[in-house]
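Novice:
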Amino acid sequence: MQKEGEDEPVKLDRLDYRILHELDCDAFQSLSKIGKKLHTGRDVMHYRVKRLEELGIIKNYAPIIDYGKMGYTVGAVYIKCHHDTPELRAEIIEYYKNNKDVWWIFNMTPDYDIALGWFGKSLAELTDKRIALLRKYKKYFREFKFRIYNRHHHFKRDYLTHVEPGVSSARIARTERSFVVSAGTEKLTDETDDKILKLLSENARLPYTEIADRLDLSAAQVHYRIQNLKQKKIILGAKPMLDLQKFGYGLFKLDIYLDDYSIYEDLRKFVHSLPNVVYSYDVIGGADIELDFEVRNFAELSKIQDAIKSKFGQAISHTEYYQFTKEYKL
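Each residue of the sequence shown is one higher than the one before, starting from -12 at the first, in this note's numbering.
#1: Quick one: any contact between the segment 110 to 129 and the segment 28 to 42, if contact means 3 or more CB pairs under 8 angstroms?
#2: For L147 versus H8, is the C-beta distance shorter than 8 angstroms?
#3: Can you tell me which of the three DSSP states K226 falls into?
#4: Roughly how many angstroms lie between the CA atoms of E314 and A225, to the nearest whole one?
#5: Would you mind sorting T60 into buried or exposed? The rule is 16 or more other CB atoms within 10 Å of its CB.
#6: Which residue from Q301, I6, N86 and F311 puts its Cα closest to that of L278?
#7: Determine the closest residue to K84 out of L103, T96 and P97, with distance taken between C-alpha atoms.
#8: Rounded to whole angstroms, what's the CA-CA distance from R255 to N215? Just pull it up for me.
#9: Taking one C-beta from the segment 245 to 264 and one from the segment 205 to 219 each time, how about it: are there three or more such pairs within less than 8 angstroms?
#10: Using only CA atoms, which one of A191, Y211 and E173 lies nearest to T179?
#11: In the structure shown, what three-state DSSP assignment does L278 receive?
#12: Using a Cβ-Cβ cutoff of less than 7 angstroms, which residues in the same chain neighbour P152 once the five nearest sequence positions on both sides are dropped?
#13: Roughly how many angstroms separate the alpha carbons of V167 and H259, rounded to a whole number?
#14: Drop a sphere of 10 angstroms on the beta-carbon of D293, count the other beta-carbons inside from all chains shown, and report buried for 16 or more, exposed for fewer.
#15: Could you check whether the segment 92 to 100 touches the segment 54 to 68, counting it as contact only if at least three pairs of C-beta atoms, one from each stretch, sit closer than 8 angstroms?
#16: Name the two residues that bound the continuous alpha helix (DSSP H) containing D115.
#17: Starting from V258, follow the alpha helix (DSSP H) in both directions and report where the run begins and ends.
#18: Start and end of the alpha helix (DSSP H) containing G22?
#19: By DSSP, does D200 sit in helix, in strand, or in coil?
#20: I'd like to know whether the C-beta atoms of D242 and K46 end up nearer to each other than 8 angstroms.
#21: Nearest to E307 by alpha carbon, out of L245, F106 and L317?
#22: Contact check, I221 vs K56 under 8 angstroms by CB: the rounded distance?
#23: Helix, strand or coil: which one does DSSP assign to H210?
#24: What span of residues does the beta strand (DSSP E) with M32 cover, start to end?
#25: Under three-state DSSP, which class holds Y99?
#26: For the alpha helix (DSSP H) containing S297, list its first residue and its last residue.
#27: Report back the beta-carbon spacing between I44 and K233 to the nearest angstrom; my notes put them in contact at under 8 angstroms.
#28: Return the first residue and the last residue of the beta strand (DSSP E) that R129 is part of.
#29: Please state if the CB of Y127 and the CB of L75 are separated by a distance shorter than 8 angstroms.
#30: Tell me which residue opens and which closes the beta strand (DSSP E) that E314 is part of.
#31: Among R192, I79, I118 and K108, which residue has its Cα nearest to the Cα of S17?
#32: Between which residues of its own chain and Y82 is the CB-CB distance below 8 angstroms, once the five residues before and five after are set aside?
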């Protein structure tokens, strides 16, 4: 149901969805290459992508980076507030938006209000940063839930091809893009690599010539370094960052807690086959399986949850779900 004050979702046609899916598979590929796959002319491709960008559906393009190979571990905290006002909540969000250690910030519901993610170069640094991040406003925080990410799996947005949500299908060719973030991982990048990755994080489709000009390098040097980062599996790919609400979708998290670990691998394979799953996490201090889904509403998430429980319900202790309602930093 549309909430008062919200814009109506943009209606996309089949070609729009197919373009988004191709960009999600590999945002590094040229529009002419995508056009050939979709039997669509160059001018139409450029018009369609520009329109998706102008509508705000495509916000930007980001590389998929294995931050573990840059020496980082990632942590997250969910925060339940109390004694706060809308003005104070806005102040808290702004404080974290301006904090260089914070990677991402979301509003969330129903059990928690704010979600933060941050980096550290060790478990000790991760803990120290967590304490520092929470210190200023701690009296307004009633409850926390912490987790440390050990492994983070990326999946293509196969729902963009209009696959029925909640259905596991052998027809779906899933490509798992995963990277490991763990304490003590050796740093495999130098200062120039880090600068290139920072520019790509702002726009993964940035031309090599522009990166070269901004870093006082040659285009050949940039090309060599990016290819080397790909060979080392530091850069795993690239994807568009989408404003899901603009076309009627939302981001939901489903946490699964198990009583019986004997079904873990079968459950993991099943949930990874679902077309609406976009991220899967192995975590320390969280659920046994943590999943992110992009679906239209809670009813669609419930269908997915029912499909999971119909196969593995006797081994599942309980599940918890959250919706990320607004993104402030990512």
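Cβ coordinates follow ideal geometry from the N, Cα and C atoms, glycine included.
Since the structure is predicted, the reported quantities are computational estimates derived from the model, not experimental observations.
Specialist: Straight from the coordinates:
#1: no
#2: Position 160 of the sequence shown, counting from 1, holds the residue named residue 147. Position 21 of the sequence shown, counting from 1, holds the residue named residue 8. Contact flag set, yes.
#3: Residue mapping note: residue 226 aligns to position 239 of the sequence shown, counting from 1. Three-state result, K226: strand.
#4: Along the sequence shown, one-based indexing puts residue 314 at 327. Along the sequence shown, one-based indexing puts residue 225 at 238. Rounded to whole angstroms, E314 to A225 spans 20 angstroms at the Cα level.
#5: Within the sequence shown, the letter at position 73 stands for residue 60. Classification of T60: buried, given that the 10 Å Cβ count is 16 or more.
#6: One-based indexing of the sequence shown puts residue 278 at position 291. Out of Q301, I6, N86 and F311, the CA that lies nearest to the CA of L278 is found in F311.
#7: Position 97 of the sequence shown holds residue 84. Closest by alpha carbon: L103.
#8: For the purposes of this step, residue 255 is identified with residue 268 of the sequence shown, where counting begins at 1. For the purposes of this step, residue 215 is identified with residue 228 of the sequence shown, where counting begins at 1. Per the coordinates, the alpha-carbon of R255 lies some 32 angstroms from the alpha-carbon of N215.
#9: no
#10: Translated into positions along the sequence shown, residue 179 becomes position 192. Closest option to T179, Cα to Cα, is Y211.
#11: Within the sequence shown, numbered from 1, the residue matching residue 278 stands at position 291. Residue state, collapsed to three classes: strand.
#12: Here residue 152 is taken as the residue at index 165 of the sequence shown, counted from 1. The pLDDT assigned to P152 is 45, lower than 50, so where the model puts this residue is not dependable; a value taken from the coordinates is nonetheless given after this. Taken in chain order, the residues that qualify are Y146, P262, N263, V282, E287, K290 and I291.
#13: As a working note, residue 167 is residue 180 in the sequence shown. As a working note, residue 259 is residue 272 in the sequence shown. Low local confidence applies: a pLDDT of 48 at V167 is under 50, so the model's placement there is unreliable, with the coordinate-based value given in what follows. Using only the alpha carbons, I get a separation of about 17 angstroms.
#14: Within the sequence shown, numbered from 1, the residue matching residue 293 stands at position 306. Exposed, by the Cβ-count rule.
#15: Yes, since at least three Cβ pairs between the segment 92 to 100 and the segment 54 to 68 fall closer than 8 angstroms, the two stretches touch.
#16: Translated into the one-based positions of the sequence shown, residue 115 becomes position 128. Note, D115: alpha helix (DSSP H), L110 to R122.
#17: Your numbering for residue 258 matches position 271 in the sequence shown. Unbroken alpha helix (DSSP H) run through V258: Y251 to H259.
#18: Working through the sequence shown from its first residue, we reach residue 22 at position 35. Counting along the chain, the alpha helix (DSSP H) containing G22 begins and ends at L18 to L25.
#19: Sequence index remark: in the sequence shown, residue 200 carries index 213 (1-based). Residue state, collapsed to three classes: helix.
#20: On the sequence shown, residue 242 is found 255 positions in, with the first residue counted as 1. On the sequence shown, residue 46 is found 59 positions in, with the first residue counted as 1. In this structure, K46 does not lie closer than 8 angstroms to D242 by Cβ.
#21: Numbered from its first residue, the sequence shown carries residue 307 at position 320. Out of L245, F106 and L317, L245 has the C-alpha closest to the C-alpha of E307.
#22: Here residue 221 is taken as the residue at index 234 of the sequence shown, counted from 1. Here residue 56 is taken as the residue at index 69 of the sequence shown, counted from 1. Indeed they touch by this definition, with Cβ atoms about 5 angstroms apart.
#23: For the purposes of this step, residue 210 is identified with residue 223 of the sequence shown, where counting begins at 1. Three-state DSSP puts H210 in a helix.
#24: As a working mapping, residue 32 is identified with position 45 in the sequence shown. Taken as a continuous stretch (DSSP letters only), M32 belongs to no beta strand (DSSP E), being part of the alpha helix (DSSP H) at R29 to E41.
#25: Reading the sequence shown from its first residue, position 112 is the one you call residue 99. Per DSSP, reduced to three states, the secondary structure at Y99 is coil, with no helix or strand assignment.
#26: Sequence index remark: in the sequence shown, residue 297 carries index 310 (1-based). S297 -> alpha helix (DSSP H) spans F285 to F299.
#27: Residue numbering aside, residue 44 sits at position 57 when the sequence shown is read from its first letter. Residue numbering aside, residue 233 sits at position 246 when the sequence shown is read from its first letter. Taking C-beta atoms under 8 angstroms as the contact rule, I44 and K233 qualify, at a distance of about 5 angstroms.
#28: The residue you call residue 129 lines up with position 142 of the sequence shown. Here the beta strand (DSSP E) through R129 covers F128 to F142.
#29: Along the sequence shown, one-based indexing puts residue 75 at 88. Along the sequence shown, one-based indexing puts residue 127 at 140. Going by C-beta atoms, L75 is nearer than 8 angstroms to Y127.
#30: Against the sequence shown, residue 314 aligns to sequence position 327. Looking at the DSSP string, the run of the beta strand (DSSP E) that includes E314 is I303 to K316.
#31: For the purposes of this step, residue 17 is taken as the residue at position 30 of the sequence shown. Comparing Cα positions, the closest option is R192.
#32: The residue given as residue 82 occupies position 95 in the sequence shown. K123 and Y124, listed in sequence order.
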